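Protein chains in written order, with the working numbering: chain C, 43 to 241; chain W, 43 to 241; chain U, 43 to 241; chain L, 43 to 241. Read the structure below first, then the notes.
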DNA sequence: TATGAATGAGGATTCATTCAT
DNA sequence: CATGAATGAATCCTCATTCAT
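What follows is the structure, encoded as structure tokens:
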């Protein structure tokens with residue numbers, strides 16, 4: 043929702059602004075984020091900033107949109123590349139695609155984690171949309187006899203999502219480390235850890 | 043680390059201060075938290091505040107300490123009550139004890155979630171200590187033939203911890219709802235969701 | 043004093059600009075008035091505005107001129123239609139003409155009231171010119187033996203003018219209400235309110 | 043409604059602040075008034091200002107209160123000194139008292155005039171209260187056979203009030219000049235200006 | 001002539017902390 | 001010990017005007 047002026051800027055200038063915003067929103071919550079720091083970092087005058095964006099919230103929403111694309115775009119597109127993949131395969135595939143190919147900056151994870159706290163409507167929507175996609179995959183797998191029919195799909199997605207964010211943010215795992223752990227988690231979820239016959 | 047003066051206060055006054063801090067730190071991050079609001083809420087003079095605490099950080103660290111007790115104390119104590127319980131039983135038991143008996147205010151969850159972001163050294167320590175306790179339980183269960191010997195204990199704890207916080211904060215589940223979901227999660231982790239023979 | 047470019051605009055565009063100015067100057071004093079809001083309201087580019095007017099003051103003076111016409115034009119013209127009317131009849135007639143026929147927007151009154159405060163030279167001139175016209179009428183009525191020869195003409199005009207503006211602005215009287223009260227005021231001024239023999 | 047801190051200040055400092063506010067609110071409307079100018083003029087730090095007043099409105103309301111006292115206090119008290127005075131005598135008396143004895147600064151008139159425009163609820167209340175006092179006096183004079191029973195009391199008060207403010211603000215009459223004109227106005231209202239038998 | 005991007009000064013307000021009483 | 005007054009830096013945001021295209 044920036045002003046159209048913003049989109050008429052040179053790519054370089056626009057990139058400076060988005061970068062400055064990323065850096066700021068990665069390190070600070072919405073309230074703490076400082077327009078002053080952003081413009082200083084982006085090296086633009088204060089007046090200009092307010093020509094591009096209506097206010098801090100305007101920048102934030104635009105930023106959320108950009109970040110969310112980074113996270114959900116791959117999901118939406120890649121999934122169709124493997125029409126017969128199981129839920130677990132899609133999770134693995136999407137994670138590998140996004141992390142290995144796109145080289146997501148760690149600041150995105152920081153910012154993403156902060157968004158959880160804001161519990162912004164915008165973010166809730168993105169999360170919901172993404173969750174629904176995965177739930178459908180699970181239901182399909184149930185129908186195909188791959189996942190137990192009484193498994194709670196929503197809880198499954200929540201387990202993976204919360205572990206994923208937690209691991210990448212808190213443990214600051216590198217890509218390889220994270221993907222390795224994700225495989226282990228998926229395996230636990232598939233097979234369980236209890237010794238057979240011990241329930 | 044408050045001044046000793048603080049501990050000489052009447053219980054009622056001290057409680058007012060801690061309550062005001064809880065309310066503030068539940069709603070705001072460290073930087074956003076306002077001493078002005080806290081003293082107004084606790085109804086103490088500004089000068090007094092700085093007699094009790096060196097500065098905002100001093101209050102914060104003390105507050106973290108108090109909050110963490112709320113979460114870890116039960117773990118440390120209760121666990122010994124059931125010396126033969128499995129890891130899963132202890133998780134369930136501790137959760138039930140803490141949530142049902144102690145009636146933890148939702149503000150604690152909010153504050154707890156914020157602490158994740160701060161990634162404060164203090165908090166990291168608390169988390170580490172708690173994790174270690176659980177890992178030991180898992181190792182014991184492996185030795186007892188209850189948990190598969192090649193299961194990754196740390197990841198197990200992380201899965202449960204991240205789901206737990208996520209569920210209580212983001213989904214704002216009530217106690218019953220949360221305990222119900224936790225049971226499902228534990229079951230998934232124990233048994234897996236894959237249809238047998240499908241691996 | 044706008045640029046001649048302004049007068050070459052289509053009537054519609056010019057009207058949009060004057061309307062936007064009216065709305066702005068009715069709600070805000072000169073300093074508070076925002077060119078930004080005016081151009082947004084008039085839907086013209088900022089660059090264009092500064093092509094038509096030198097600056098905010100330029101627009102303001104032009105606007106004052108337009109507004110004053112609304113108020114003084116009728117006076118100047120209508121008076122001659124009834125060459126033998128008394129001062130009081132002219133007052134009544136002009137008020138009726140202006141208010142009933144021309145349907146003056148309430149914004150004009152708001153703007154007019156604001157001008158009082160500005161005490162702008164421009165406005166002072168308009169007021170002076172109008173006052174002089176009325177004083178002449180009073181002097182003629184004195185000569186005709188209709189008004190007491192020792193009545194202070196200037197004060198008379200001031201009484202009516204101040205009541206008139208006050209009533210329309212502050213009490214926000216509708217046209218009928220205002221005309222009714224004006225008649226009462228004129229009657230008081232003519233006849234007095236003291237009970238005869240009581241002086 | 044300033045903070046009690048404000049009233050603990052030395053008289054000199056408090057006076058500096060009130061003076062600075064008077065000067066500012068005489069020259070500028072509420073919106074235009076600048077806290078920056080006020081504190082510079084009063085020579086106090088910005089932080090201090092906000093310790094005394096909650097915000098600009100807080101200062102404004104306090105200021106209105108002070109100004110209104112200047113105008114209405116005399117009315118309320120003096121009236122009772124002459125229990126049998128007529129409405130006209132009270133008007134004259136109060137005006138003389140206030141203007142001659144209290145030496146009201148011209149800035150008060152400027153500020154008072156601006157308040158008219160703001161049409162603030164606070165001001166409306168003060169005006170209403172004052173109007174009611176006078177209307178009662180008029181009704182008493184009607185009962186005493188001094189004022190014509192069909193005279194419209196409210197309009198009478200409005201005529202005098204609007205002339206009074208107008209004369210003092212716009213014409214910037216000095217005290218003597220104003221009182222002289224007020225007498226003329228009162229006389230016109232009492233006796234009328236029409237030559238007898240001419241209605 | 002039409003346009004809209006650039007700009008920095010100025011606006012109100014909040015804040016954590018110090019210090020004198 | 002208790003108190004609360006003092007402070008200036010930092011916050012977001014609006015503005016009128018200029019100028020290059």
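Just so you know, even glycine gets a beta-carbon here, dropped at the ideal spot from N, CA and C. Everything numeric in this text was worked out from a predicted model, so none of it was measured.
Separation of residue 209 of chain W and residue 197 of chain C (C-alpha to C-alpha, rounded to the nearest whole angstrom) is 9 Å.
Residue pairing by DSSP places residue 226 of chain C opposite no residue, since no beta bridge is assigned to it. Taking 4 residues as the shortest admissible run, the stretch 186-238 of chain L contains the following complete alpha helix (DSSP H) segments, listed from N- to C-terminal end: 195-211, 217-233. For a Cβ distance threshold of 7 Å, nothing in chain L lies close to residue 55 of chain U: the least Cβ distance comes to about 30 Å.
Residue 163 of chain W counts as exposed, since fewer than 16 other C-beta atoms from the protein chains shown sit within 10 angstroms of its C-beta. For a Cβ distance threshold of 8 Å, residue set 201, 205, 227, 230 of chain C lies close to residue 201 of chain W, ordered along the chain.
Per DSSP, reduced to three states, the secondary structure at residue 45 of chain U is coil, with no helix or strand assignment. Restricting attention to W:78, W:72, W:181, the CA atom closest to the CA of residue 129 of chain W is found in W:181. Sequence-ordered contacts of the stretch 145-168 of chain L with chain U read 155, 156, 158, 159, 161 [C-beta pairs closer than 8 Å]. Annotated as distal: residue 67 of chain U and residue 77 of chain U, with beta-carbon spacing of 8 Å or more. Membership of residue 83 of chain C in the alpha helix (DSSP H) is indicated by the continuous run 77-84. Distance from the CA atom of residue 206 of chain C to the CA atom of residue 49 of chain C, rounded to whole angstroms, is 34 Å.
Beta-carbon to beta-carbon, residue 189 of chain L and residue 227 of chain L are separated by about 16 Å, too far to satisfy the 8 Å threshold. Membership of residue 148 of chain W in the alpha helix (DSSP H) is indicated by the continuous run 148-160.
With 16 or more other Cβ atoms inside 10 Å of its own Cβ, residue 176 of chain C counts as buried. In this chain, the alpha helix (DSSP H) harbouring residue 135 of chain U covers 129-138. Within a 10 Å sphere around the beta-carbon of residue 186 of chain W sit fewer than 16 other beta-carbons, which makes this residue exposed. Closest in C-alpha terms to residue 85 of chain C, from the list C:56, C:165, C:110, comes C:56. Rounded to whole angstroms, the separation of the alpha carbons of residue 102 of chain C and residue 43 of chain C is 10 Å.
The way I'd put it, the stretch 210-221 of chain L does touch the stretch 128-142 of chain L; three or more beta-carbon pairs between them come closer than 8 Å.
Exposed is the label assigned to residue 99 of chain U, since fewer than 16 other Cβ atoms lie within 10 Å of its Cβ. When the Cα atoms are used, residue 192 of chain C and residue 165 of chain C turn out to be separated by approximately 29 Å.
Residues of chain W with a Cβ closer than 7 Å to the Cβ of residue 197 of chain C are, in chain order, 223, 226, 227. The CB of residue 133 of chain L never comes closer than 7 Å to any CB in chain U; the least such distance is about 13 Å. Under the three-state reduction of DSSP, residue 95 of chain W is assigned to coil, being neither helix nor strand. Just so you know, the alpha carbons of residue 216 of chain C and residue 144 of chain C end up roughly 14 Å apart. According to the DSSP assignment, residue 67 of chain U belongs to the alpha helix (DSSP H) that extends over 53-69. Contact between residue 60 of chain W and residue 112 of chain W is ruled out by a C-beta separation of about 11 Å, above the 8 Å threshold.
Residue 142 of chain U and residue 126 of chain L have their C-alpha atoms spaced approximately 45 Å apart. DSSP places residue 108 of chain C in the helix class (H, G or I) of the three-state scheme. Residue 236 of chain W and residue 233 of chain C do touch by the CB rule: their CB atoms are close to 6 Å apart, below 8 Å. The alpha-carbon separation between residue 80 of chain W and residue 146 of chain U amounts to approximately 55 Å. Among the residues of chain C, none has a CB under 9 Å from the CB of residue 76 of chain W; the nearest is roughly 11 Å distant. For residue 72 of chain U, the three-state secondary structure derived from DSSP is coil. DSSP, reduced to helix, strand and coil, places residue 145 of chain W outside both helices and strands of the structure shown, so it counts as coil.
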